[in-house]
Amino acid sequence: MSRGSRTKKTANKENSTSDPSSTNAAGTVTEQPSNTDKKTPRNAKWTTADDATLVATLREQQAAGNQADSGWKASVWVAAAQALAGSEAQSGGAAKKPKGCSDHWSLLKNNCLIVQKLRGLSGFGWDDSRCLVVAPSDVWERYIKDHPDAEVWRTKSFPLFDDIISLIKGRFATGDGALHIPEEDHDELNTETDDELDRQIAADWGADDSFV
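Residue numbering for the sequence shown follows my numbering, beginning at 90 and increasing consecutively.
Here it is as structure tokens:
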């Protein structure tokens, strides 16, 4: 092979590497997607497996003495984020940060209180095998008529009930005022809404406040 041929092939290889377009068998040039076109997700997405990991971490932290009547220590949410590090590869969304773990725990806690309230109502019960609130159809229909937001719990299971109730028992009211159905899309925006908690988490996590 001549030196000129080798030079031409080298140039063609360099051009094919740097050029994001390609030519198919029909001779049509197509543009390849660029990595820079991908937007970094802002929302953390939670799966049932992620919920279980969060609750298991909180149980460990409770056993370690990091829960008081007034709430959890900021270091707990750092430990939770570390336990969930990399989970976004399965769940999608953004990485789960300490503040996001705290916010998601509030959602799980509220849901647990709702389930506890429903279980205690006249005519209602609990199916252990399905982890589901149960009641005769007429009982559900009468209740949903006055509390339409509760309809989701007619078919929604809550397998973490026992674990979560052990973390909140004796710490939160379960009266009528506690029965509030929050929005639950499992897409949570990593925002900063509690300045004091944010500062404590930042101190425990490190100097990089991007993890808050």
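Ideal Cβ placement from N, Cα and C applies to all residues, glycine included.
Item	Value
Could you compute how far the alpha carbon of residue 248 sits from the alpha carbon of residue 129?	32 Å
Taking only the alpha-carbon atoms, compute the straight-line gap between residue 269 and residue 194 and give it to the nearest angstrom.	Note that residue 269 has pLDDT 43, beneath the 50 cutoff, so the model's placement of it is unreliable and the number below is only indicative. About 15 Å.
Pull up the distance between the alpha-carbon of residue 242 and that of residue 233, whole angstroms please.	10 Å
Helix, strand or coil for residue 135, going by three-state DSSP, please let me know.	coil
List the whole-angstrom C-beta distance separating residue 253 from residue 197, where the pair is believed to meet the contact cut-off of C-beta under 8 Å.	6 Å
Under the rule that 16 or more other beta-carbon atoms within 10 Å means buried, what is residue 258, buried or exposed?	exposed
Does the Cβ of residue 150 have 16 or more other Cβ atoms within 10 Å, making it buried, or fewer, making it exposed?	buried
Select from 244, 154, 141 the residue whose C-alpha is nearest the C-alpha of residue 219.	244
Rounding to the nearest angstrom, what Cα-Cα distance links residue 230 and residue 137 in this structure?	28 Å
How long is the line joining the alpha carbons of residue 191 and residue 166, rounded to whole angstroms?	6 Å
Give me the residue from 235, 210, 154, 200 with the minimum Cα distance to residue 246.	200
Leaving out five residues on either side along the sequence, give the residues of the same chain with a beta carbon under 6 Å from the beta carbon of residue 240.	233
Since I believe residue 183 is in contact with residue 141 (beta carbons under 8 Å), could you give me their beta-carbon distance rounded to a whole number of angstroms?	The Cβ separation is near 20 Å, so there is no contact.
Where do the ends of the beta strand (DSSP E) carrying residue 214 lie?	214-216
At which residue ranges does the stretch 179-250 contain complete beta strand (DSSP E) runs of 3 or more residues, listed in the order of the chain?	214-216, 221-223
Determine the extent of the alpha helix (DSSP H) in which residue 170 is found, giving its start and end residues.	163-172
Between residue 139 and residue 176, how many whole angstroms is the CB-CB distance? I'm expecting something under 8 Å.	5 Å
Quick check: residue 169 and residue 210, are their CB atoms within less than 8 Å of each other?	no
Can you tell which of 238, 250, 154 has the C-alpha that lies nearest to the C-alpha of residue 208?	250
Using the Cα positions of residue 179 and residue 173, report the straight-line distance between them to the nearest angstrom.	11 Å
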